[in-house]
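A.B. asks: Add 1 to a position in the sequence shown, counting from 1, and you land on the number used in the working numbering.
Below: one structure in structure tokens.
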Amino acid sequence: MKVLVLGIILSFGIQISFAVADDPTDGCAGGCGVKMRGTPGEELKDIKKLAMSSEDKELRKLGTRICAMYSGPGNKITQNVKEQILTYIKKHEGIANPSVPQIIKFLNRNKNKILCENGTKSYMMVAFDNSAHEQLFRKLFVNDFFKKDKTVHVDINAVAPAGANGEAMTVLDYIEQQLADPTNSDGYKKEVRSLRNMFVKYFGAKKFSELPDVERSQYRLRLATK
2 MKVLVLGIIL
12 SFGIQISFAV
22 ADDPTDGCAG
32 GCGVKMRGTP
42 GEELKDIKKL
52 AMSSEDKELR
62 KLGTRICAMY
72 SGPGNKITQN
82 VKEQILTYIK
92 KHEGIANPSV
102 PQIIKFLNRN
112 KNKILCENGT
122 KSYMMVAFDN
132 SAHEQLFRKL
142 FVNDFFKKDK
152 TVHVDINAVA
162 PAGANGEAMT
172 VLDYIEQQLA
182 DPTNSDGYKK
192 EVRSLRNMFV
202 KYFGAKKFSE
212 LPDVERSQYR
222 LRLATK
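Rendered as structure tokens:
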């Protein structure tokens with residue numbers, strides 16, 4: 002699949018390069034209105050942005066909708082978040098009634114793209130900000146997903162530029178930050194600490210510095226190409 006997408010991107014890039022050569026006055030193929038920077042490498046970078054932007058925008062919208070559910074009635078957060086995910090999968094993945102493994106595969110594939118708060122935080126992180134962590138993690142991810150199919154689980158190691166200066170953080174990094182915050186109550190910290198222990202023991206939670214080099218490099222590369 003990746004080879005096919007790359008082939009389409011390269012083919013599209015060659016076509017645009019030819020169009021620019023035919024009509025150098027506007028720097029765009031067929032009057033599309035996209036201004037290329039001039040060198041083949043930079044043009045291909047622009048084309049990749051265009052190819053990725055539509056999916057990224059839709060996933061960002063999904064993240065925003067999920068995070069909006071956190072401020073709703075506490076007893077409906079789990080169901081409302083699940084419905085947002087299922088609706089997206091049906092519309093954009095073409096699966097009307099996805100199985101638990103299919104839902105988890107979708108969430109894991111897009112864990113670094115389902116973002117809230119102008120793209121600065123994962124929807125998993127924002128759950129802590131709104132005290133919706135028990136509903137998202139324990140009720141949805143564990144009770145609704147993991148206990149029904151123990152062969153797969155949601156990848157907790159989502160990364161987002163959630164640090165004070167935009168540095169990369171995983172959910173575990175964010176949890177440690179919550180535990181170190183003196184303004185958070187003892188009751189809140191007890192719940193969060195329990196989740197942290199569960200994540201590390203059963204879900205392989207890691208800090209950004211503990212992720213494999215390839216994962217950290219891929220994340221930085223994706224940021225660089227935005």
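All C-beta atoms, glycine included, are put in the ideal place defined by N, C-alpha and C.
The model shown is predicted, which means the values in this text are computed figures rather than measured ones.
Can you give me the Cβ contacts of Tyr124 inside the same chain, cut-off strictly under 6 Å, excluding the 5 residues immediately before and after it?
C.D. replies: Gly64, Ile67, Cys68, Ile115 and Cys117
A.B. asks: Can you grab the Cα-Cα spacing for the pair Ile86 / Asp182, in whole Å?
C.D. replies: 31 Å
A.B. asks: Measuring only the C-alpha atoms, how far is Phe142 from Ala225?
C.D. replies: 31 Å
A.B. asks: Leaving out five residues before and five after Asp23 in sequence, what residues of the same chain have Cβ atoms less than 8 Å from its Cβ?
C.D. replies: Unreliable placement is indicated for Asp23, whose pLDDT of 39 sits below 50; the coordinate value is still reported in the next sentence. Within the same chain, Asp23 has no close Cβ partners at all.
A.B. asks: Mapping the DSSP letters down to three states, classify Asn119 as helix, strand or coil.
C.D. replies: Residue state, collapsed to three classes: coil.
A.B. asks: Can you list, in chain order, the residues of its chain with a C-beta nearer than 8 Å to that of Arg194? Leave out the 5 residues immediately preceding and following it.
C.D. replies: Leu180
A.B. asks: Once you ignore the five residues that flank Lys207 on each side, which residues in its own chain have a CB closer than 7 Å to its CB?
C.D. replies: Asn158, Thr171 and Leu173
A.B. asks: Which residue comes first and which comes last in the alpha helix (DSSP H) that contains Arg110?
C.D. replies: Val101 to Arg110
A.B. asks: What is the DSSP secondary structure of Pro25, reduced to helix, strand or coil?
C.D. replies: At Pro25 the pLDDT is 39, less than 50, meaning the model places this residue with poor confidence; the figure from the coordinates comes in the next sentence. Three-state result, Pro25: coil.
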